[in-house]
Structures are given as C-alpha cells and as structure tokens.
Amino acid sequence: MGAGALTKDVEPVGAERRRWLALAETALAGASFEEKLVSHTDDAIRIEPLYDRATGAEPLVRTNPRSPWIVSQRVDDPNVDRAKAQVLDDIAQGATGLSLVFEGAPNAFGYGLPRTAQALETVLEGVPLNRMQIRIDTHPWSRPMADWLVAFLSKRRSDPAKLNLSFGIDPAAVLAGTGRLRMSIEALQESMPQSLAHFFSMGVPGVLLEADGRVFHNAGATEAQELGIMLASAVSYLRMFEKARQPLVYAAPHIGFALSVDQDQFLSMAKVRALRILWARVQEACSIPNSTANIHAETSFRMMTALDPETNILRTTISCFAAAAGGADSISILPHTIAHGLPAPFARRVARNAQLIMANESHVDHVADPAYGSGAVEALTADLCEAAWVELQAIEAEGGVLSSLRDGHIQQRVRTAAARRDAAFKAGERAIIGTTLYPQTSERPVETLDAKQRPAFTEGVVLCEPLSPVRIDQSVGAAS
Numbered sequence: 004m005g006a007g008a009l010t011k012d013v014e015p016v017g018a019e020r021r022r023w024l025a026l027a028e029t030a031l032a033g034a035s036f037e038e039k040l041v042s043h044t045d046d047a048i049r050i051e052p053l054y055d056r057a058t059g060a061e062p063l064v065r066t067n068p069r070s071p072w073i074v075s076q077r078v079d080d081p082n083v084d085r086a087k088a089q090v091l092d093d094i095a096q097g098a099t100g101l102s103l104v105f106e107g108a109p110n111a112f113g114y115g116l117p118r119t120a121q122a123l124e125t126v127l128e129g130v131p132l133n134r135m136q137i138r139i140d141t142h143p144w145s146r147p148m149a150d151w152l153v154a155f156l157s158k159r160r161s162d163p164a165k166l167n168l169s170f171g172i173d174p175a176a177v178l179a180g181t182g183r184l185r186m187s188i189e190a191l192q193e194s195m196p197q198s199l200a201h202f203f204s205m206g207v208p209g210v211l212l213e214a215d216g217r218v219f220h221n222a223g224a225t226e227a228q229e230l231g232i233m234l235a236s237a238v239s240y241l242r243m244f245e246k247a248r249q250p251l252v253y254a255a256p257h258i259g260f261a262l263s264v265d266q267d268q269f270l271s272m273a274k275v276r277a278l279r280i281l282w283a284r285v286q287e288a289c290s291i292p293n294s295t296a297n298i299h300a301e302t303s304f305r306m307m308t309a310l311d312p313e314t315n316i317l318r319t320t321i322s323c324f325a326a327a328a329g330g331a332d333s334i335s336i337l338p339h340t341i342a343h344g345l346p347a348p349f350a351r352r353v354a355r356n357a358q359l360i361m362a363n364e365s366h367v368d369h370v371a372d373p374a375y376g377s378g379a380v381e382a383l384t385a386d387l388c389e390a391a392w393v394e395l396q397a398i399e400a401e402g403g404v405l406s407s408l409r410d411g412h413i414q415q416r417v418r419t420a421a422a423r424r425d426a427a428f429k430a431g432e433r434a435i436i437g438t439t440l441y442p443q444t445s446e447r448p449v450e451t452l453d454a455k456q457r458p459a460f461t462e463g464v465v466l467c468e469p470l471s472p473v474r475i476d477q478s479v480g481a482a483s
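Here the sequence shown is numbered in the working numbering, starting from 4 and rising by one per residue.
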C-alpha cells in the first residue's frame, strides 16, 4: 500500500469545522451567529459554541493526587456544645476535614464559633487530628488563634509536623470583609515575617498564610478579579518575607488559597485550574521551585436563593463537581438552607453526603485533571489566566492589595462588576431557576437552628469600605 493510500481519506485541517459552521448557518436561518451561539463571561471572555481538542498543555493535578479531595464541613454554630456534637457526627459519617468559622470572620455570614481558646479546644476534643484536616477560616484574630491551636496540640501531645493544618491568616480578606485592620499596613508588613518565623521552623505541613478570594466573589467579583486579588495577596506575602530577608523557598509552600465555585460548571473548573497555573507563574518569576498550589474551594454564597431553597442542592452539587474535577484539594459545601439562617442537621447532612457520593461512589477523583485536552476548558483556563494577570498588574500599580483596598480601588471594580451582573438579571438576560424563572409562589417553613447573628467586628486602625456578601436574589429583589 502506497503513502497516497494512507492519506487520501484524511480531511484538510478545519474541514469538519467548516462543515459544522455551514450547517449552523443554515439552522440559524439568517439569525446572528454571534447573538445566538456565542456567549461571554463576566470578564468579557468569549465562549465559542465549538472548540477543537487542545494540545500541548500539561495535566494539572492536586497537591496529593493519589488521594480523594478532603471533604471539609463548616463548624460555625455559636452554641459550642451543639457545634461539638456536629463535629463528632460529621466525622463519624465520613467528613475528612473541618473548617472552623469563628464570629467576626468575613465568611461567617453573621454566625460563627465564639472567639475563645476554650471554644477551639471544646470543638476539637475527641477529634482524631492525625486523620483530619483542621482549617481555621480567615479571621481577624487568626494570628492568636494559631498560637491557641499550637498550644492545644502540645496539650494533646500531637506532633504538628504529622498533621494537616491551615491557620487562615489573610489580612487582605479581613480588611475587605470587615473594613478594618487591627494594625497599620506598615506595622503588619514589618511584623508578620518575624511573627511567623517560628511556625516555619516547626515544619508544619500546612497553610500558614491564605489568599482568600471568597470575600470578593460573594460581594460580586468576576472570576478574573477573584483570581487576580488572590494572586496579589500571595505576592504581598512573598514581598514581606523578601523584605525581611527570609528565603522565599521556605515561605511559598505554606501559602494556600481559598476560592468560591458556583453553578457555572466549566467556568468554575477553569478557575481552579487557572489558579494553579498562575501560582506556578508567580513562583517562576521569583526564581523559586514550584510548589503546587493548595486550594480550598467553597460553594458560592452569592448564588444561593431564599425562594425554593431545594434548588440550592442542585447548584451546590454542580459547584462541588466542578471543584473536584478542577482539582481542588479540599471542598466545603454550604448547606442549602443557609439563606434562611444557621443550617439544621438535615441540611448539613445533605451537604456532606453530596461530596461523599461523588468521592466514594462516583469516583470523580479517579481521573487526574478530567478537563485536560478539552478545547473549551483549556481555552477558558488560558483566558482567565490572562485576565487575572491584568487584574494583578492593576493592583500592583495601586501599591499592592492592602493599599488598593484602603484606597477603594478593588471595591470600585467589584461593585461595578456586581452592578453589571445584577442589571443582566433584572433585564431577563440571565435567570435564577426557582426564583426569577419558575418562581415558587407559596411560602413554606425552612428548618434552621436557633441562633442569633453576631455583631460585626468594630476594632481597627486601618479603615476602608467593606465588601459584604450579597446574594444575587437579594440584589434583583426576588428574595423572600
């Protein structure tokens, strides 16, 4: 058989796509291809109806790709005894991580554990620390809480080097979420490297400093804005340690990330993947070895609805799948009743079991980087990287993330993005199932726990306009 016989049936490059375009034009019957088949993200990233298979990229994997992601349950009940019972039940039923959310935290949504060492010790009593990831959610008092946690571990005679810990220290998220910092930016930048030096020397295999994007997402930020702000926070940590003449190679592996994932499956997958690429790019620019980004994903609060709350189960399931398929290291699902108050045990169980089914029955984690080679997701990932890098450059030009927040630049961009999104919902260009589309017409009781919302954090030396979490259904006037 000659060479011609091997190649005579091979179509020219792009021939199949041209045939599809011709068929699409016929089906459109004169309607606009751009209006009907092309869409755009909130960052104006173009999404085509059809992509060729991507080539040349490398698979993006989690920090520990041989194990399932960590199923992390929120612990945010102000009633410490009730919270302790929740913790023990979650562990008994399969949770592998705990996210301790304290009062005053930007991500507490008005609730949270009491801010005391006793509360910390009570909820962790009886917890098998060597088998659980313990993360303290980003909080104004995360630094003293780190000392409380280490003291508790010493009391338990636990070796921190054998544990999986995250201390949730993130000044930018605290400043953005509360509008306050407890010390000046200059004092913070000078003191933090020395303050954390002994933690590095302990060899704790976990996250000391976290770049938390959830505050910005839940206030309305776009995907690229959230990524760019997280990256700016991580860069600010590296700059602090560089100024203190401490080796960046030791600091970088202890910097982690927390982001939000919503019901846009492919965009959320791309966001998690883009964060890994961006962090690798930053480390390359700093001439230090690449340490894989440690990413905690939480389902979006802003996408949750008060009307027809059961539809939130579908949203959070899609979000969790996207986070898992995108390669998140740990995932926390917000219970579907959170828009009504502090979730009751049933809602918490639904949130936990959704993850357990995906991990233990659907085996979503058995494929490393399922989106690898997908033309659509790879293109979205690359475009998000470019847009996020532009946001990072803008923040750096404004003096860094803390200065940008103090001066209101980030808040202005986030609020502009939120207003543009809200206008699209109000105009009917976008819809919320069960709320603006097929809305529930009658009220029914939703079970929540008896808990009063806590007062906002009021201490501070540096002040700025806070970014508060706002659900989209509230913004468009459809919430109950």
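Cβ coordinates follow ideal geometry from the N, Cα and C atoms, glycine included. Treat the numbers as computed from the prediction; the structure is a model and nothing was measured.
For T29, the enclosing alpha helix (DSSP H) covers residues A18 to L31. Beta-bridge analysis with DSSP links T302 to V264.
By the CB criterion at 9 Å, G113 and S333 fall outside the cutoff.
Taking all protein chains in view, the Cβ of D368 is crowded by 16 or more other Cβ atoms within 10 Å, so the residue is classified as buried. Under DSSP, F105 shares a beta bridge with L116. Residue pairing from DSSP places N297 in a beta bridge opposite G259. Cβ neighbours of M272 within its own chain (closer than 7 Å, five residues either side excluded): A325, A328, G329, A374 and V380. Distances from the alpha-carbon of P163 to those of V83, Q136 and G480 put Q136 closest. Here the C-alpha atom of L278 lies approximately 8 Å from the C-alpha atom of C388. Between the alpha carbons of A434 and R418 lies a gap of roughly 20 Å.
In this structure, F304 and N221 form a Cβ contact; the two beta carbons are roughly 5 Å apart against a cut-off of 8 Å.
With a cut-off of 8 Å on Cβ pairs, the region 190–205 is not in contact with the region 284–294, counting fewer than three such pairs.
Contact check between the region 443–462 and the region 103–117: three or more CB pairs, one atom from each, fall below 8 Å, which counts as touching.
For E213, the pairing in a beta bridge is given by DSSP as G259. Around the CB of K158, fewer than 16 other CB atoms lie within 10 Å, so the residue is classed as exposed. For G171, the enclosing beta strand (DSSP E) covers residues N167 to I172.
In this structure, S145 and I172 form a Cβ contact; the two beta carbons are roughly 4 Å apart against a cut-off of 8 Å. By the neighbour-count criterion, in which a residue is buried when 16 or more other Cβ atoms sit within 10 angstroms of its Cβ, T58 is exposed.
In this structure, L359 and A175 do not form a Cβ contact; the two beta carbons are roughly 33 Å apart against a cut-off of 8 Å. DSSP places S478 in the helix class (H, G or I) of the three-state scheme. With distances taken between CA atoms, I232 lies nearest to G403 out of E462, R49, S35 and G403. Using a Cβ distance threshold of 9 Å, S471 and A235 do not count as a contacting pair. The C-beta separation of A382 from A227 comes to about 14 Å, leaving the pair out of contact by the 8 Å criterion. DSSP places P163 in the helix class (H, G or I) of the three-state scheme. A direct Cα-Cα distance of roughly 40 Å separates S169 from L440. With at least 16 other beta carbons inside 10 angstroms of its own, D79 counts as buried. Taking one beta carbon from each stretch, the region 257–268 and the region 208–218 have 3 or more pairs nearer than 8 Å; the two touch. For the alpha helix (DSSP H) assignment, the uninterrupted runs of no fewer than 4 residues enclosed by the region 318–391 are, from N- to C-terminal side, 348–363.
In the three-state scheme derived from DSSP, where H, G and I count as helix and E and B as strand, I291 is classed as coil. Rounded to whole angstroms, the separation of the alpha carbons of D267 and A224 is 15 Å. If you draw a straight line from the Cα of Q477 to the Cα of M306, it comes to about 10 Å.
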